[in-house]
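Undergrad: Protein chains in written order, with the working numbering: chain A, 419 to 638; chain B, 419 to 638.
The C-beta atom is built at its ideal place from N, Cα and C for all residues, glycine as well.
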DNA sequence: CCCACCATTTTGAGTAGTCAAAATAATTTC
DNA sequence: GAAATTATTTTGACTACTCAAAATGGTGGG
Ligand SMILES: [Mn+2]
Ligand SMILES: [Mn+2]
Ligand SMILES: [Mn+2]
Ligand SMILES: [Mn+2]
């Protein structure tokens, strides 16, 4: 069985691959895992020796099919656990990422299946992140974001890709939850500011970076 | 925070202390943890240096107050998780010990409290094992067992201290569950055999060793 | 009292993962 | 097209466990 460390490397590699074309740079992994770059080089070489990743020195890494399979398993655990924590234990969506970070390594496939059934086989977690299927299918649709969508048109939030507890608390406070319907009333590229209006409520100002992490689809 | 290894050493030390007078011999810990004796010596010395245990060379180990406090926390997690797995996820009581062995190290105190509330603050787990309170109180009553109770009198099973999946499956098949009411009809010390009769059903034969792991109280 | 046996400890070695700091390669900048 | 900057790799060292096998210490039988 892969160690907790290996599972974390593979899962983060999968997440980074989603937002990176081609190889994931070593530095990105190093940042995501909060370890020093040299450590990543060492670990990636051993993952490569185990056939879980391909390492192109000085260029980056990517998962092999075997590595991706393992990573999807961990990600499925992560997101189902998050869903459980919110729906059954009524925890706040800003707190569950940290919890799931540990639990994803401790849950057996048996427990996972039971959890999945208990929750009614959900397709997404509390943040709108898609949950990989039992057989490793991951619905990864490309969405527009609050940073790119047309102005004034009503849009529905489908997913928040920012994990930090502070941001999620802020978002919830302003009704920016998956399913909410809003309109972008202004986008000031110079100032890097996006203004969002929801049906009944004050307008909310977001940085362009934050807006880019809120995925949407046209409403109605 | 203590590592998974340290948590396991402390928890097993607590369990072994329950069935041992005085110091726990190094060999007992070595067996319980499935590591070689020399490893236990090394680890116990480092636990002693951390103030979690007292080590009397060539005699044994015991928990300090600090070590016991930590061990009770782990045991509480273990038993609440077992209860959750049986009551909410409907798993078999013979499967949950192995699952909880991992999860006990991955659950935060926050999640634990929610779980405890969801389950209605249970006093015992599915095996009848007492669950330590949030503040580290462990009800440890001394019970008779099927190996020691008077013959022919009705007794109620309160706790099964044997954890092996095979035994628990066997026990369940013969209705030997916490709460069940039975009578010991015969006890043959020479053959090491105990015969148990339950209200409607065939008599069951148990080894003396197995019978000693089924704790009871007088019924009615 | 001594020897044999058993539990425990010691010694030496290995694996997994990590960091700090120096070396190297690739990319920008001028 | 150097020189400077930045990313990555290498090197050397450390922590936390673990095992195999040899050494040691108690105990209990003769
Ligand atoms: Mn994790
Ligand atoms: Mn999520
Ligand atoms: Mn454990
Ligand atoms: Mn139990």
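1) Could you pull out every residue in the same chain whose Cβ sits closer than 7 Å to the Cβ of residue 587(B), ignoring the five residues on either side in sequence?
2) Starting from the beta carbon of residue 454(A), find every residue of chain B whose beta carbon is closer than 9 Å, and list them in chain order.
3) Against chain B, does residue 509(A) count as a neighbour if the rule is that its beta carbon must be under 8 Å from one of theirs?
4) Since residue 451(A) contacts residue 479(A) with CB under 8 Å, what's their CB separation in whole angstroms?
5) Mind checking if residue 569(A) is an interface residue toward chain B, Cβ cutoff 8 Å exclusive?
6) Report buried or exposed for residue 423(A), applying the criterion of at least 16 other Cβ atoms within 10 angstroms of its Cβ.
7) Which same chain residues, not among the five before or five after residue 565(B), have their C-beta less than 7 Å away from its C-beta?
8) Which residue comes first and which comes last in the alpha helix (DSSP H) that contains residue 496(A)?
9) Of all the CB atoms in chain A, is at least one closer than 8 Å to the CB of residue 620(B)?
10) Give the C-beta separation of residue 521(B) and residue 429(B) to the nearest angstrom, bearing in mind that I take them to be a contact with Cβ-Cβ under 8 Å.
11) Under a three-way DSSP split, which group does residue 635(A) fall into?
12) Would the beta-carbon of residue 500(A) be found less than 7 Å away from any heavy atom of ligand 1?
13) Can you tell me which of the three DSSP states residue 625(B) falls into?
14) Quick one: which residues of the stretch 505 to 531 of chain B get their C-beta closer than 9 Å to a C-beta of chain A? List them in chain order.
15) Pull up the DSSP beta-bridge partners for residue 479(B), would you.
16) Work out the CA separation of residue 593(A) and residue 505(B) for me, nearest whole Å.
17) What's the gap between the Cα of residue 465(B) and the Cα of residue 455(B)?
18) Within this structure, are the beta carbons of residue 543(B) and residue 501(B) separated by less than 8 Å?
19) Which residue or residues does DSSP assign as beta-bridge partners of residue 534(A)?
20) Using the beta-carbon of each residue, which ones in chain B are nearer than 8 Å to residue 533(A)?
21) Sort 620(A), 624(A), 619(A) and 420(A) by Cα distance to residue 610(A) and report the nearest one.
TA: Once the coordinates are examined:
1) 512
2) Neighbours of residue 454(A) on chain B: none; closest Cβ ~21 Å, over 9 Å.
3) yes
4) At roughly 12 Å, the Cβ-Cβ gap does not stay under 8 Å, so residue 451(A) and residue 479(A) are not in contact.
5) no
6) exposed
7) 612, 626, 629 and 630
8) 483 to 505
9) no
10) No, residue 521(B) and residue 429(B) are not in contact; Cβ-Cβ is about 13 Å, not under 8 Å.
11) strand
12) no
13) strand
14) 506, 507, 508, 509, 513, 516, 517, 520, 521, 522, 523, 524, 525, 526, 528 and 529
15) 442(B) and 473(B)
16) 35 Å
17) 15 Å
18) yes
19) Answer is none; residue 534(A) lacks a bridge partner.
20) 507
21) 624(A)
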